[in-house]
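Just below is one structure, and these are the notes that go with it.
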Amino acid sequence: MSVTERATNVVLGGTRGGPDVATLRKDRWWLQPVVTVSILTAFVIYSTWAAFQNKNYYVGANVHRDLISPFYSPCLASSCVEGSRAGFFFNGWSLSPAFLILLFPLGFRLSCYYYRRSYYRAFWWSPPACAVSDAHSSYSGETRFPLVMQNIHRYFFYAGLVFNGFLTYDAIRAFHQPGLGWGVTVGTLVLIINATLLWLYSLSCHACRHLCGGHVKSFRAAPVRHKLWKIITPLNAKHMNFAWASLIFVAFTDVYVRLVASGVWTDYRLF
Ligand code: FES
């Protein structure tokens, strides 16, 4: 086959890939967008349902446990069930307490650089994959409202650290078994793994790496920031893995607490 026969016309200023050719790729490039749409849609549906439930988010002293769902922590409403309430709370909040906090973890995920790439591809087909043409005839990137708001990500990162602190505290509290003393249950392990994955997701964030090593002209003059940057950089390379693992596990943690709280599952004591 000659070079001329393999050539694809390129229209400058037109749809990427040309008006008549969606893609020359022969592999299953569509698989990744399909998986992304499936997992993100399932997560949004489940988390919305869980936030509206306003029950079964805490396993308390009546069964010698202290387990709270990450979707409800910190529990900031005076209506939070006995034992789950944070040290400070709002009086008179009649909706689910999940709505007081979900904006922060949700905003952190939605504005994440990795998720942005994924859902722009999967939901908006802009473009759906490398070397596949856009579903749109023009591209303005994130230069206009509302996408320009994605720049707020670094502030959600700071809020995410605060939430990680709360969830770490919850994981430590899960060692406490009221009426029995201290020990480890399956629920303790679930909350610990959840907090660990969320820390890995946050610490591998691009904004975190920039915070540690950005705006430095010479690492020689900033040895501490150089050390931090060297720790964060390998984590950053795995950000995609931590993004998916933490997303799936945070939903599983809510499922676990919910099923134990409703009596469907038993939270077995290991020691
Ligand atoms: S880039 Fe993904 S959390 Fe910051």
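In the numbering used here, the protein residues as written are 31 to 301. C-beta: ideal position from N, C-alpha, C; glycine also.
So if DSSP puts F120 in a beta bridge, which residue, or which two residues, is it bridged to?
Residue 120 sits at position 90 when you count from the first residue of the sequence shown. Bridge partners of F120: A107.
Do three or more CB pairs link the stretch 187-196 to the stretch 51-69 at distances below 8 angstroms?
no
In the DSSP assignment, find the unbroken alpha helix (DSSP H) run with C238 in it and report its ends.
Working through the sequence shown from its first residue, we reach residue 238 at position 208. Its alpha helix (DSSP H) spans residues 236-243.
How many whole angstroms separate the CB atoms of P127 and A107, which I take to be in contact at a CB cut-off of 8 angstroms?
Here residue 127 is taken as the residue at index 97 of the sequence shown, counted from 1. Here residue 107 is taken as the residue at index 77 of the sequence shown, counted from 1. So it is a contact: roughly 4 angstroms between Cβ atoms.
Return helix, strand or coil for V178, following the three-state DSSP convention.
One-based indexing of the sequence shown puts residue 178 at position 148. Three-state result, V178: helix.
Check whether the stretch 280-297 and the stretch 251-271 touch, using three or more Cβ-Cβ pairs below 8 angstroms as the test.
no
Three or more C-beta pairs closer than 8 angstroms, one from the stretch 241-255 and one from the stretch 214-221: is that the case here?
no
Any non-hydrogen atom of the ligand FES closer than 7 angstroms to A152 Cβ
Along the sequence shown, one-based indexing puts residue 152 at 122. Checking the Cβ of A152 against the ligand FES gives no.
Could you give the DSSP three-state label for R55: helix, strand or coil?
Walking along the sequence shown from the start, residue 55 turns up at place 25. In this structure, R55 counts as coil in the three-state DSSP scheme.
Determine, using beta carbons only, whether V26 and P100 come nearer to each other than 8 angstroms.
Because the chain is modelled from 31 through 301, residue 26 falls outside the range shown and cannot be assessed.
Please name the residue in I69, A80, R58, G195 whose C-alpha comes closest to that of F129.
Along the sequence shown, read from residue 1 onward, the residue named residue 129 stands at position 99. Ranking I69, A80, R58, G195 by Cα distance to F129 puts A80 first.
According to DSSP, is R95 part of a helix, a strand, or is it coil?
As a working note, residue 95 is residue 65 in the sequence shown. Residue state, collapsed to three classes: coil.
Rounded separation between V16 and S276 - CA only
Coverage of the chain is limited to positions 31 through 301, which leaves residue 16 absent and any answer about it impossible.
With a threshold of 8 angstroms on Cβ separation, who are the neighbours of T296 within its own chain once the five nearest residues in sequence on each side are excluded?
Within the sequence shown, the letter at position 266 stands for residue 296. Excluding sequence neighbours, T296 sits near V290.
Cβ neighbour criterion (16 or more within 10 Å) applied to R139
Start at 1 with the first residue of the sequence shown, and residue 139 comes out as number 109. Per the 10 Å Cβ criterion, buried.
With a threshold of 16 other CB atoms inside 10 Å of the CB of C235, please say whether the residue is buried or exposed.
Within the sequence shown, numbered from 1, the residue matching residue 235 stands at position 205. Buried, by the Cβ-count rule.
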